[in-house]
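J.: The structure that follows is given in the form of structure tokens.
Chains as they are written, first to last, in full-length UniProt numbering: chain A, 1 to 468; chain B, 1 to 468.
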């Protein structure tokens, strides 16, 4: 492999304009992994920063010819190791392909390069009175390419769907270096297999996405915010179930537990823990009177299960600060030590049961587990935190992580709601999908990636059940 | 093939309970094709009416062992030959697997067998205050299984999306007879490739769907109706573009031209042609004042391009009658002779241009072309009508059909917005997708259907560019 990689890198240095191929060891190290601190990673042979699709085609063609792995990445904010380097691979970073190529207000679509930062696309659309909904908490940094590769979710997805629901078409480099257009630019289309949809969430294992056409919506009505504090995770979970039972479709319904509130307070001194133990932040965006009624109904749900304090927030700045705190929860926890992020999703009515099981697992494995959650769609992010270099604690946390996966499957849930499988959830995917469906994955991978170069070993082990 | 088919049918007669395997020639003839009158079809060796998934598994396993094709069908309302029989195939009809297995109002999902009629699911959901949006004009007859296999669209899809947007998970019989579960039942999930999404719209070429889990919405606010008559197709198309430019998202925006209005009038005497030449029916369903404003804005769009007559309909019964007329257009035309249905979709702003080209093509090919359209999403259904047994007219119509496909591709559109490729659009798909993307289709087909038995030759020729 090492020899082949050397040859490919030398070829690319000759073939591509100066500066696009990087071999500097320190630079390579900073592109070797994403934010899944617990996932293994290798040493890339080179980094390529393409400026156009032809550069990517060059990389893929040469890597395919010699069987050298290609790992694409956006901003590296992934949480499951999907963008982690393999030894001797070529890493493609899309930071220089970050143009919004087109915003079409009449067709309500945008065409972007993969390196466009999510928030930048959002801002560009806002100038046309348009809205790109998918809003992962990483939106200020993460790129649309990475969002598409992982089928990223976010806060408003509970009402507006995930990245998959907005991708109309793609340009990608596939196979041994073919550039193809998949999907469409029209509102509807059923010509052939949904290959654009298949690429979304395939975590770079089926080809390299070089351009993305997304659907847009019109700017929506202002959101109303409902705030509730609860004395336990389970009671907050019951409020989530009550909202579902009431038939309310919130535009966000986020849960932040005491550990996260405390971590944010210690960092930013926001006084969040003064209100109570577990915070639910709900939002509604139906226009006019319908929105008023939705917000009141959500408040009634919070009260009905015994919120220790709840109210509609009438101060837009205060509401924004609370959601900012939600987005700060993850970085605040990271200050305390390595974080192992879960991302299970369970049926909404089972959110209280799953939260109870998580608490039990924390106790049984003597592990510190904090919880943030896109609670409204049952997508929970228990976060296992250990002290650096405490190996026994790390092993206990790892065991708790695997137990949570098992319990989510037991409740009819999935091992990953929005972060992707990457490396951390490969065992979970095997258990969730079963051997026949895993074999379907392998057959498709083999069919579309005959050279076996696209991010091999991510999502599933290529050759069979996990042995590595 | 004939010998193999005989053996499989004999085996199935022994293996399945009495009555599930049918060999009666007259019955078989009535299951040999869908409503695409111009597409070729063969003679099936047998019909199987399964009552449970195990029956389907039995069919697939035995057909796979002997290389006998399997063609699944719902109600046979397809318009592109996707369900047409192949010589010696086994046809599976899901008419006896028509149970709504579950409606879960809290999780907002339904679990159904493939043979459930679309309108029956809709009614069952309504009892819970829930709504299954995809509403093909065939909804009174077509089945959810067929809707999923073709990724069916409909009238409200312009605002609420197509079948694909509502399928959460599937059970299917794949490969050589494996029963798998694909997708999920949770609100979100990104565990592995989107194989459920890949099955949707694959027209029975990748496996046989035996159970479907769909997402539901809450019942929506009452719709407001806006009616406009225009003196030409192109002017009506300009109204559609004006609605898009105004940023209005209608809950329906249907076009019916003079040929269709006349055909419905001649059949049902509804007086539709009294109002003018081309009818646009718009609907808005935003709640409260927002809906009022939307409807007024749509009316203003109609007026701005020069509607000969337009008004908001304040009489719900009258509005319902107009939409009923829309749904009657296709069967009304069928009374006049064999209908060849187009199903192109173009960017919304190009609807007037595409309608102009269709008129030009009608003239150049001396062909009678009527038009209905889900105009709001650019999905046009030019319908070519000929007298029975007029072979030269038939050839001219066929030429016009192919020309329309070429023009749609030329305008950045797709050859099929919602009917599927089946047999009629195989050449169109080749031109739209190109050889590399077609090869990706073949590679996936080969990977997931190693026995080559699932509806072979539909969507694309299995072995290479069309030669048959």
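Where a beta carbon is used, it is the ideal one built from N, C-alpha and C, also for glycine.
Would you tell me roughly how many angstroms separate the C-alpha atoms of residue 330 of chain B and residue 260 of chain B, rounded to the nearest one?
T.: Whole-angstrom Cα-Cα distance: 8 Å.
J.: Whose Cβ in chain A lies nearer than 8 Å to the Cβ of residue 342 of chain B?
T.: The premise fails here: residue 342 of chain B is roughly 13 Å from chain A at the closest Cβ pair, so nothing lies under 8 Å.
J.: For residue 3 of chain A, does the three-state DSSP call read helix, strand or coil?
T.: Three-state DSSP puts residue 3 of chain A in a helix.
J.: Using the rule of at least 16 other Cβ atoms within 10 Å of the residue's Cβ for burial, across every protein chain shown, is residue 90 of chain A buried or exposed?
T.: It counts as buried.
J.: Which residues share a DSSP beta bridge with residue 229 of chain B?
T.: BP columns for residue 229 of chain B point to B:279, B:309.
J.: Is there a Cβ of chain A sitting closer than 8 Å to that of residue 383 of chain B, yes or no?
T.: By this cut-off, residue 383 of chain B is not an interface position.
J.: Throw me the rounded Cβ distance for the residue 136 of chain A and residue 118 of chain A pair, which I believe falls under 8 Å.
T.: Going by Cβ atoms, the distance from residue 136 of chain A to residue 118 of chain A rounds to 7 Å, so yes, they are a contact pair.
J.: 8 Å is my cut-off, CB to CB: does residue 133 of chain A come that close to chain B?
T.: No - not a single Cβ of chain B is within 8 Å of the one on residue 133 of chain A.
J.: Indicate whether at least one CB of chain B lies closer than 8 Å to the CB of residue 98 of chain A.
T.: No, because no Cβ of chain B sits closer than 8 Å to the Cβ of residue 98 of chain A.
J.: Mind the definition here: the segment 210 to 222 of chain A touches the segment 299 to 314 of chain A only if three or more C-beta pairs lie below 8 Å; say whether that holds.
T.: Short answer: they don't touch.
J.: In whole angstroms, what is the alpha-carbon distance linking residue 92 of chain B and residue 72 of chain B?
T.: Taking the straight line joining both Cα atoms gives about 5 Å.
J.: Note down, in chain order, every chain C residue with its Cβ under 7 Å from the Cβ of residue 432 of chain A.
T.: Going by chain labels, chain C is absent from the structure shown, which instead holds the protein chains A and B.
J.: If you run the structure through DSSP and keep just helix, strand and coil, what is residue 341 of chain B?
T.: Reduced to three states, the DSSP call for residue 341 of chain B is strand.
J.: For residue 394 of chain A, is the classification buried or exposed, using 16 other Cβ atoms within 10 angstroms of its Cβ as the cut-off for buried?
T.: So residue 394 of chain A ends up on the buried side.
J.: State buried or exposed for residue 5 of chain B, treating a residue as buried only when at least 16 other CB atoms are found within 10 Å of its CB.
T.: Buried, since its Cβ has 16 or more Cβ neighbours within 10 Å.
J.: Run through chain B and tell me which residues come within less than 9 Å of residue 377 of chain A, C-beta to C-beta.
T.: Neighbours of residue 377 of chain A on chain B, chain order: 186, 187, 188.
J.: Quick one: list the residues of chain B neighbouring residue 420 of chain A, beta-carbon separation under 7 Å, in chain order.
T.: Those within 7 Å of residue 420 of chain A in chain B are 190.
J.: Under a CB-based cut-off of 8 Å, is residue 300 of chain A close to chain B?
T.: It does not: the Cβ of residue 300 of chain A has no partner Cβ on chain B nearer than 8 Å.
J.: Against residue 366 of chain B, what residues of chain A qualify as contacts under a CB-to-CB distance less than 8 Å, listed in chain order?
T.: Those within 8 Å of residue 366 of chain B in chain A number zero; the least Cβ separation is about 28 Å.
J.: Please confirm if residue 111 of chain B has its CB atom under 8 Å from at least one CB of chain A.
T.: No, because no Cβ of chain A sits closer than 8 Å to the Cβ of residue 111 of chain B.
J.: Which residue wins for smallest C-alpha separation from residue 143 of chain B, given the options B:297, B:267, B:98, B:338?
T.: It is B:98.
J.: Are the CB atoms of residue 25 of chain B and residue 46 of chain B within a distance shorter than 8 Å?
T.: Their beta carbons are not under 8 Å apart, which means residue 46 of chain B does not touch residue 25 of chain B by this criterion.
J.: Any idea which residues DSSP pairs residue 371 of chain A with across the strands?
T.: According to DSSP, residue 371 of chain A bridges with A:382.
J.: Would you please verify whether the beta carbon of residue 69 of chain A is less than 8 Å from any beta carbon of chain B?
T.: No, its Cβ sits nowhere closer than 8 Å to a Cβ of chain B.
J.: Do the CB positions of residue 361 of chain A and residue 403 of chain A come within less than 8 Å of each other?
T.: Yes, they are a contact pair.
J.: Please classify residue 335 of chain A as buried or exposed, where buried requires at least 16 neighbouring CB atoms within 10 angstroms.
T.: Classification for residue 335 of chain A: exposed.
J.: Enumerate, from N- to C-terminal direction, the unbroken beta strand (DSSP E) stretches of 3 or more residues contained entirely within the segment 65 to 150 of chain A.
T.: The qualifying runs are 70 to 73, 90 to 93, 100 to 104, 109 to 112.
J.: Are residue 67 of chain B and residue 452 of chain B closer than 8 Å when you measure CB to CB?
T.: A contact, by the Cβ cut-off of 8 Å.
J.: Near residue 57 of chain B, what residues of its chain come up, given a Cβ to Cβ distance below 7 Å and the 5 sequence neighbours on each side ignored?
T.: These residues qualify, in order along the chain: 173, 177, 179.
J.: Can you give me the Cβ contacts of residue 197 of chain B inside the same chain, cut-off strictly under 7 Å, excluding the 5 residues immediately before and after it?
T.: Closer than 7 Å at Cβ, skipping near neighbours: 164.
J.: Compare the C-beta of residue 288 of chain B against all C-beta atoms of chain A and say whether one is closer than 8 Å.
T.: By this cut-off, residue 288 of chain B is an interface position.
J.: Using the beta-carbon of each residue, which ones in chain A are nearer than 7 Å to residue 414 of chain B?
T.: Here the neighbours are 184, 186, 189, 191.
J.: Which residues in chain B have a C-beta closer than 9 Å to the C-beta of residue 444 of chain A? List them in chain order.
T.: Those within 9 Å of residue 444 of chain A in chain B are 193, 195, 198, 443, 444, 447, 448.
J.: Give a yes or no on whether 8 Å exceeds the smallest Cβ distance from residue 284 of chain A to chain B.
T.: Chain B, which has no Cβ nearer than 8 Å to the Cβ of residue 284 of chain A, makes this no.
J.: Looking at the strands, I want to know which residues DSSP matches up with residue 213 of chain A.
T.: Beta-bridge pairing links residue 213 of chain A to A:111, A:169.
J.: When burial is assigned at 16 or more other CB atoms within 10 Å of the CB, is residue 389 of chain A buried or exposed?
T.: Residue 389 of chain A is exposed by the Cβ-count criterion.
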